[in-house]
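See structure below.
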Amino acid sequence: MISNQVLQSTLEGLKEISRKEFCVIDLEGKILASTYLDFSVVSADIQAFVGSQADSQIIKDHLYFKVFDDYQLEYVLVVHGDAEDTFTVGKLAAFQLQNLIVAYKERFDKDSFIKNLLLDNLLLVDIYNRAKKLHIAANKRRAVMILELPQDKEHNNYGEIVKGLFHSKNKDFITAVDEKSIIIVKELEDGEGYPELEKLSNTIMDSLGMERNSGIYMAYGTIINELKEVSRSYKEARMALDVGKIFFGDKDVIAYSSLGIGRLIYQLPIPLCKMFIKEIFENKSPDDFDEETLTTIDKFFENSLNVSETSRQLYIHRNTLVYRLDKLQKSTGLDLRVFEDAITFKIALMVVRYMKYMETLEF
745 MISNQVLQST LEGLKEISRK EFCVIDLEGK ILASTYLDFS VVSADIQAFV GSQADSQIIK
805 DHLYFKVFDD YQLEYVLVVH GDAEDTFTVG KLAAFQLQNL IVAYKERFDK DSFIKNLLLD
865 NLLLVDIYNR AKKLHIAANK RRAVMILELP QDKEHNNYGE IVKGLFHSKN KDFITAVDEK
925 SIIIVKELED GEGYPELEKL SNTIMDSLGM ERNSGIYMAY GTIINELKEV SRSYKEARMA
985 LDVGKIFFGD KDVIAYSSLG IGRLIYQLPI PLCKMFIKEI FENKSPDDFD EETLTTIDKF
1045 FENSLNVSET SRQLYIHRNT LVYRLDKLQK STGLDLRVFE DAITFKIALM VVRYMKYMET
1105 LEF
């Protein structure tokens, strides 16, 4: 259904062009939009016209026109003017309103289709049949992007900002399936890929006018080639949001393709995680280590197990670093200078971080 605001704007535009007065009335005789200053509806006149076979009629010096939506009467348009072309102008205005109904109906249908597509609620045959009717290309390269907003933020303004960035790109779709996210189904041109998605994500984040790392996140899934795969890219973007918060806390834009081992750990059941930590550390946990030890471990991993570079960045003697690593080995049985032990320890740290994140969701 077209909003009254859009109807009013349309009538004012028609009046400016034709110098006629216009009024749109629903089938119960209620004025929805009008350029008249003193027009009053006579319910009996409306009912008589609605019940007649005529598509247009003159009633008390005003021209009445029926506006249809697929042969279903939707509105009554009233036109008034002194010139002889008033009837022609009225017919054109009624035609314009009918086209507006079709456009809004198609827009609504597209939004509903995209939502069901994202949520995987459509059969394969329905996807292609409805896409054809809605003039949506089935075999185009696309990716799903999700902008997640804090619960305490008003989302309407952000939604309008995002839509403004895509106002001239009618091949992209912007919608929402919950109250905290804005979803973009982006169609990619030939030659565009992940660098362009990363750039667009950062452009969207910057356009919101808020400081980065303020609780707003952007994620995107992998690029898909067919419409039926949109739901997969959406699920990947959803996972990227969660995994990014757990393992990439310093980033507010995250790509599914960059999650690495994090997305595997995210899919592990909690009991299995607890069992793994117990087997590796017995009754201890990586979080039980003091801040100095944890900082040493993180820096050691950052420098790809390079003792010299790690000691230089920590401003400590090489022997001091070796002493700390020896102490850690005695405590855990893992020597971080050995690649296999380092991998085990790194995974254990990520598993503990994942378990802590899941605990916060339970409360």
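Quick note, the working numbering runs 744 ahead of the 1-based positions in the sequence shown.
Ideal Cβ placement from N, Cα and C applies to all residues, glycine included.
Everything numeric in this text was worked out from a predicted model, so none of it was measured.
| Query | Result |
| --- | --- |
| MET1019 burial status per 10 Å Cβ neighbour count (16 or more: buried) | exposed |
| Contiguous alpha helix (DSSP H) assignments of at least 4 residues, all confined to the segment 1058 to 1089 | 1062 to 1076 |
| Which listed residue (LEU1058, TYR961 and GLY834) has its alpha carbon closest to that of ILE948 | TYR961 |
| Beta-carbon proximity of HIS806 to VAL822, cut-off 8 angstroms | yes |
| Residues near PHE917 in its chain [Cβ-Cβ closer than 6 angstroms; skip 5 each side] | ILE858 and VAL929 |
| Cβ-based burial, ARG851 [other Cβ within 10 Å; buried from 16] | exposed |
| Beta bridge counterpart(s) of ALA887 as assigned by DSSP | LYS930 |
| First and last residue of the uninterrupted beta strand (DSSP E) at TYR819 | 816 to 824 |
| Proximity of SER975 and ASP864 at Cβ, strictly below 8 angstroms | yes |
| Proximity of LEU932 and ILE967 at Cβ, strictly below 8 angstroms | yes |
| Coil, strand or helix - GLU892 by DSSP | strand |
| Three-pair Cβ contact test at 8 angstroms for the segment 816 to 830 versus the segment 758 to 777 | yes |
| Contact set for LEU751: own chain, Cβ-Cβ below 7 angstroms, skip 5 residues either direction | VAL768, LEU776 and ALA777 |
| Candidates ILE880, ARG874 and LEU891, of which the one nearest GLY965 by Cα | LEU891 |
| Neighbourhood of SER1001 by C-beta distance below 7 angstroms, restricted to the same chain and skipping five residues each side | TYR938 and THR966 |
| Option nearest GLU1026 by Cα separation, candidates VAL811, LEU817, ASP813 and THR1076 | THR1076 |
| SER958 versus PHE783 - alpha carbon distance | 52 angstroms |
| Those runs of the alpha helix (DSSP H) which lie wholly inside the segment 829 to 868 and span at least 4 residues | 830 to 862 |
| Where ALA827 sits in the DSSP three-state scheme | coil |
| 7 angstroms CB neighbourhood of ASP1032 in its chain, flanking five on each side removed | none |
| Proximity of THR1054 and LEU1038 at Cβ, strictly below 8 angstroms | no |
| Reduced DSSP secondary structure (H/G/I, E/B, other) of SER1001 | helix |
| Close-in-space but distant-in-sequence residues of the same chain around TYR780 (CB under 6 angstroms, 5 per side omitted) | GLU765 and CYS767 |
| For PHE991, the three-state DSSP class (helix, strand or coil) | helix |
| Residue from ILE927, VAL987, SER925 and SER1052 whose Cα sits closest to the Cα of LYS1100 | VAL987 |
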